[in-house]
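In the numbering used here, the protein residues as written are -8 to 110. In this text, a Cβ means the ideal position worked out from N, Cα and C, and glycines have one as well. None of the values given here were measured: they were computed from a predicted structure.
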Amino acid sequence: MSRHRPPSRWAAVWAMVVADVMRTTRDRTGLFFVVVLPVVIMVIIGATFGANSGSLPMAVVVADDSPQATELLDALVATGSVTVERYDDLDDARRDVRTGAKVGVLEIPSGFGAVLSGD
-8 MSRHRPPSRW
2 AAVWAMVVAD
12 VMRTTRDRTG
22 LFFVVVLPVV
32 IMVIIGATFG
42 ANSGSLPMAV
52 VVADDSPQAT
62 ELLDALVATG
72 SVTVERYDDL
82 DDARRDVRTG
92 AKVGVLEIPS
102 GFGAVLSGD
């Protein structure tokens, strides 16, 4: 007498996967929402947020005239990803960020160079 061996769990899982894929590929609406729509959304988001190849305008308030502060500003400009505009007043710089004229403010406080050099 031979006993019939039941299929393994993985065989049952694989059969469900194959059946589901076959059903999805036959249904054009389902295929659209599973494959096409996510690709379209990725392209739209990439075009919207990834297309900014220019530099971003940034406000910089420098209250320290040390070589370290100058080196930091030079390194920031050298990246090419930001356009630096110096401000004398922090409140003016913050106002331009609030109005959208600048993307952010970098404040280099007095004593910046002394702290870095350990003085």
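- Around the C-beta of V9, are 16 or more other C-beta atoms found within 10 angstroms, so that it is buried, or is it exposed? Counting from one through the sequence shown, the residue named residue 9 turns up at place 18. Burial call: exposed.
- What residue range is occupied by the uninterrupted alpha helix (DSSP H) comprising A50? Within the sequence shown, numbered from 1, the residue matching residue 50 stands at position 59. Note, A50: premise wrong, no alpha helix (DSSP H); beta strand (DSSP E) at L47 to V53.
- Task: Could you tell me how far apart the beta carbons of F103 and D55 are, in whole angstroms, since I believe they sit closer than 8 Å?
- Result: In the sequence shown, the residue the question calls residue 103 occupies position 112. In the sequence shown, the residue the question calls residue 55 occupies position 64. The pair is a contact, with the Cβ atoms about 4 Å apart (cut-off 8 Å).
- Whole-angstrom C-beta distance between A84 and V96, which should lie under 8 Å: If you number the sequence shown from 1, residue 96 lands on position 105. If you number the sequence shown from 1, residue 84 lands on position 93. That belief holds up - the Cβ atoms of V96 and A84 are roughly 5 Å apart, short of 8 Å.
- Query: Mind pulling the alpha helix (DSSP H) runs of 4 or more residues that sit fully within the stretch 48 to 94?
  - Reply: 58 to 69 and 81 to 90
- Message: I'd like to confirm the pairing. Which residues does DSSP put opposite V106 in its beta bridges?
- Response: By 1-based counting over the sequence shown, the position of residue 106 is 115. None; V106 has no bridge partner.
- Task: Assign A60 to buried or exposed, taking buried as 16 or more other Cβ atoms, counted over all protein chains shown, within 10 Å of its Cβ.
- Result: Translated into the one-based positions of the sequence shown, residue 60 becomes position 69. So A60 counts as buried.
- Item | Beta bridge counterpart(s) of I99 as assigned by DSSP | Working through the sequence shown from its first residue, we reach residue 99 at position 108. Answer is V53.
- Message: Just to confirm the assignment, what range does the alpha helix (DSSP H) spanning D11 have?
- Response: By 1-based counting over the sequence shown, the position of residue 11 is 20. R0 to R17 is the span of the alpha helix (DSSP H), which, as asked, contains D11.
- Query: Is the CB-CB distance between L81 and E98 below 9 Å?
  - Reply: For the purposes of this step, residue 81 is identified with residue 90 of the sequence shown, where counting begins at 1. For the purposes of this step, residue 98 is identified with residue 107 of the sequence shown, where counting begins at 1. Yes, the pair counts as a contact, with Cβ atoms nearer than the cut-off.
- Item | Validate contact between the stretch 67 to 80 and the stretch 46 to 53 using beta carbons, cut 8 Å, 3 pairs | yes
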